[in-house]
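Below: one structure, written as structure tokens.
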Amino acid sequence: MSSTVVEPVPRGTLGARVGRGLQDWLPAAVVFVAGIALWEGLVRGLDIQNFLLPPPSDITQTLWTERETLWPAAWFTFEEAFGGWVIGCSAAIVWALLLARWPVVAAAVMPFAIAANAVPIIAFAPITNNWFGALNQTSKMVIAAVLCFFPVLVNTLRGLTSVRPQQIELMRSYGAGQTQIFRRVRIPNALPYIFTGLKVATVLAMIGAIVGDYFGGSQNALGIQIRRQAGVFAFTEAWAAIMIASILGIAFYAAVAALERLTMGWHPSARRGAE
Amino acid sequence: MSVVSLKKVAKEFGAGGVKALEAIDLEIAEGEFISLIGPSGCGKSTLLRIIGDLIQPTAGDAVVNGKSAHQARLDRDYGIVFQDAVLFDWRTVAKNIGLPLEMMGWDRGKRSERVKEMVELVELTGFEGHHPWQLSGGMQQRVSIARALSFDPSILLMDEPFGALDEMTRERLNLELLRIWEASGSTVVFVTHSISEAVFLSTRVVVMSARPGRIVGIVDVDLPQPRSIDTREEPRFAELIREVRQLLRRGGGFDVEEPTPTGEEDFIVAEEQLQ
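In structure tokens, the structure reads:
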């Protein structure tokens, strides 16, 4: 019978783990390097104008020469995104818990939530600037938070309610009440769903913060930098700002993904190759 | 004193809808192994859930250990095993088995001691730290049985627990279950589709009719205890199987598609004979 057992991922020595990590990442790294090389080669070979598409080497150089304006601006905008993400995601999780606990409330509220989600939230950026002040970070956090709210709400709610009926029956047979059922079944069951929502929300938060910047705000925000540089045909600088935004966005996503792996070692998706 | 006492129990689903059960009278004594058998949709799982207070009967009374089924559930008199193991993916084997104990507030030391005993009982030593997805179906079901027995419930309710397993695993688990039942002295109510499984395991087999489910007859299984692999070879085993099959036929278990008037008459005759 033991032959049918799937062995857990062996942790192995540090060296072995690094080696395996390299193997996993090698194909992607090759594609990345090849893509950059192709970009550089095409721009130089076809003599594409710098304002249309600067070569990656120029962008990287600008990333360094403009570091004193770009990096603080990027951090400023990341704070907006992160603040909005925290607010939006926590609100969504609290709401999902309420809706799962009282389905009557869910039936009354969900149609409006779905309708509200169809509203292009980004269009409200000038309004939130007006409400919360264009110069402070709050107005951008609000946009980011609203963008994060819905996907996290829907995912969490699905996770909390997609419990197998027999799991509930089993808990009831142990004399469990609703609080126990939430704590021991619904919330652990929802964790993978919640993390899916949280990961999607990192991307949305970055978009919300940067687009929020576009509609005005402090001069040292990334969105403002991108807009201003593009406005004066400094496209290499604009590209460098976009590059930083991408790096931060990817790092944000990766950090949440790492947190997911830490909290959910039990999940079958933690098996190697299952992702 | 009866452990389970059902009086005129009936169940309808929906408002004036489908009659699932009708006039069920049944007394189960302490230490009995009772099988419920009948055609699909005859309400045997419903009956099991009424005994376990997971479903409320529309009429009649279910008394368990001299109190209401509801009180018996709150007193944790039931251990339940379903067709699926219904394990919690985020818990290891040991923590799945210890779940009811956790909920009953056992301290860590006492808990791990009991879990260890249970793991030995179902012969899963060495797998305590595994997660459910790392186990075969038969092993998962053994974890589920260990969990149901961990808190020493007076009644074990089993809903087709081996229905999803292959024949070989099933026969081995049948023997294991009998060994556990003899050791624990608990009362078992066992729902099954398999005539030979019912006869092999039980002290009495309760045969139910097609919907609405009624008790067509009860077969006393007078095979010697303890049962062994050789039990299936005895002539008496074949006779008892024939008896059960005849009762099923009278209850419409073999011609569900065409419930002829003749069938109905047979069915009534059978009931009169029994009384």
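Chains as they are written, first to last, in the working numbering: chain A, 64 to 338; chain B, 2 to 276. Virtual Cβ for every residue (Gly too), placed ideally from N, Cα, C. The structure displayed is predicted, hence computed values, not measured ones.
Three or more C-beta pairs under 8 angstroms: does that hold for the segment 166–173 of chain B against the segment 143–157 of chain B?
Short answer: they don't touch.
At what residue ranges does the segment 175–258 of chain A contain a whole run of the alpha helix (DSSP H), taking only runs of 4 or more?
Counting only runs of 4 or more, we get 188–195, 201–224, 228–236 and 241–244.
Three or more C-beta pairs under 8 angstroms: does that hold for the segment 56–75 of chain B against the segment 222–232 of chain B?
These segments do not touch.
From the DSSP secondary-structure annotation, give me the bridge partner or partners of Gly218(B).
Here residue 218(B) refers to the residue found at position 217 when the second sequence is read from its first residue. DSSP lists Val208(B) as partners of Gly218(B).
Run through DSSP, which three-state label would Pro73(A) get?
In the first sequence, the residue the question calls residue 73(A) occupies position 10. Residue confidence for Pro73(A) is low, a pLDDT of 48 falling below 50, so the modelled location carries little weight; the figure read from the coordinates is stated next. Three-state result, Pro73(A): coil.
Relative to the C-alpha of Gly271(A), which candidate in Val319(A), Glu142(A) and Trp194(A) has its C-alpha closest?
Reading the first sequence from its first residue, position 208 is the one you call residue 271(A). That would be Glu142(A), whose Cα lies nearest to the Cα of Gly271(A).
Output, in sequence order along the chain, the residues in the segment 112–126 of chain B whose CB is closer than 8 angstroms to any CB in chain A.
Within the segment 112–126 of chain B, not one residue has a Cβ closer than 8 angstroms to any Cβ of chain A.
Spatial neighbours of Pro58(B) within its chain, please: C-beta separation below 6 angstroms, excluding the five flanking residues on both sides.
Here residue 58(B) refers to the residue found at position 57 when the second sequence is read from its first residue. For Pro58(B), where only same-chain residues beyond five positions count, the Cβ hits under 6 angstroms are Val10, Lys12 and Ile51.
By a C-beta neighbour count over all protein chains shown, 10 Å radius and 16 as the cutoff for buried, is Trp91(B) buried or exposed?
Working through the second sequence from its first residue, we reach residue 91(B) at position 90. So Trp91(B) ends up on the buried side.
Anything in chain A within Cβ reach of Pro101(B), meaning under 7 angstroms, just list it in chain order.
Along the second sequence, one-based indexing puts residue 101(B) at 100. Taking a Cβ-Cβ threshold of 7 angstroms, the residues of chain A close to Pro101(B) are Tyr237, in chain order.
Specify the secondary structure class of Gly138(B) as computed by DSSP and reduced to three states.
Looking up residue 138(B) in the second sequence gives position 137. The three-state reading of DSSP puts Gly138(B) in helix, counting H, G and I together.
So, do the segment 184–202 of chain A and the segment 237–253 of chain A have three or more beta carbon pairs nearer to each other than 8 angstroms?
These segments do not touch.
Coil, strand or helix - Ile56(B) by DSSP:
Taking the second sequence and counting its residues from 1, one reaches residue 56(B) at position 55. DSSP places Ile56(B) in coil when its eight states are reduced to three.
Close beta carbons around Arg290(A), own chain, < 6 angstroms, minus the five adjacent residues each side
As a working mapping, residue 290(A) is identified with position 227 in the first sequence. Non-local C-beta neighbours of Arg290(A) in its own chain, meaning closer than 6 angstroms and more than five positions away in sequence, comprise Tyr277, ordered along the chain.
Considering only their Cβ atoms, is the gap separating Ala176(A) from Cys211(A) smaller than 8 angstroms?
Translated into positions along the first sequence, residue 211(A) becomes position 148. Translated into positions along the first sequence, residue 176(A) becomes position 113. No, they are not a contact pair.
Which one of Leu285(A), Lys262(A) and Ala301(A) has the shortest CA to CA distance from Arg324(A)?
By one-based count along the first sequence, residue 324(A) stands at place 261. Taking Arg324(A) as reference, the option from Leu285(A), Lys262(A) and Ala301(A) with the minimal CA-CA separation is Lys262(A).
For the structure I just gave you, are there three or more beta carbon pairs, one from the segment 179–192 of chain B and one from the segment 152–164 of chain B, closer than 8 angstroms?
In short, these stretches touch, since the Cβ pair count reaches three.
Does the beta carbon of Val87(B) come closer than 8 angstroms to any beta carbon on chain A?
Taking the second sequence and counting its residues from 1, the one referred to as residue 87(B) is at position 86. Output row for Val87(B): interface = yes.
Do Ala239(A) and Gly147(A) have their C-beta atoms closer together than 8 angstroms?
On the first sequence, residue 239(A) is found 176 positions in, with the first residue counted as 1. On the first sequence, residue 147(A) is found 84 positions in, with the first residue counted as 1. No.
Taking only beta-carbon positions, decide if Gly106(B) is within less than 8 angstroms of chain A.
The residue labelled residue 106(B) in the question sits at position 105 within the second sequence. No, because no Cβ of chain A sits closer than 8 angstroms to the Cβ of Gly106(B).
Could you tell me whether any Cβ in chain A is nearer than 8 angstroms to the Cβ of Phe83(B)?
Looking up residue 83(B) in the second sequence gives position 82. Taking 8 angstroms as the threshold, the shortest C-beta distance from Phe83(B) to chain A falls below it.
Can you pull the chain A neighbours of Gly53(B), defined as C-beta to C-beta under 7 angstroms?
Looking up residue 53(B) in the second sequence gives position 52. In chain order: Ser236.
Pull up the CB-CB distance for Glu129(B) and Val94(B), whole angstroms please, since I reckon it's below 8 angstroms.
The sequence position of residue 129(B) within the second sequence is 128, counting from 1. The sequence position of residue 94(B) within the second sequence is 93, counting from 1. At roughly 5 angstroms, the Cβ-Cβ gap stays under 8 angstroms, so Glu129(B) and Val94(B) are in contact.
Against chain B, does Arg164(A) count as a neighbour if the rule is that its beta carbon must be under 8 angstroms from one of theirs?
Indexing the first sequence from 1 puts residue 164(A) at position 101. Proximity of Arg164(A) to chain B, defined by a Cβ-Cβ separation below 8 angstroms, is not satisfied.
Beta-carbon within less than 6 angstroms of Asp87(A)'s beta-carbon, same chain only, minus the 5 sequence neighbours each way: which residues are those?
Against the first sequence, residue 87(A) aligns to sequence position 24. Result list for Asp87(A): empty, nothing under 6 angstroms.
Determine the chain B residues that contact Gln243(A) at a beta-carbon separation under 9 angstroms, and present them in chain order.
By 1-based counting over the first sequence, the position of residue 243(A) is 180. Taking the beta carbon of Gln243(A) as reference, the chain B residues within 9 angstroms of it are Met104, listed in sequence order.
Count the other CB atoms, across all protein chains shown, that sit within 10 Å of the CB of Trp138(A); report buried if there are 16 or more and exposed otherwise.
Working through the first sequence from its first residue, we reach residue 138(A) at position 75. So Trp138(A) counts as exposed.
Output the distance between the C-alpha atoms of Cys152(A) and Thr265(A), rounded to the nearest integer angstrom.
Locating residue 152(A) in the first sequence gives position 89, counting from the first residue. Locating residue 265(A) in the first sequence gives position 202, counting from the first residue. Spanning the two alpha carbons is a distance of roughly 10 angstroms.
According to DSSP, Glu129(B) sits in a beta bridge with which residue or residues?
Here residue 129(B) refers to the residue found at position 128 of the second sequence. According to DSSP, which records beta bridges pairwise, Glu129(B) is partnered with nothing at all.
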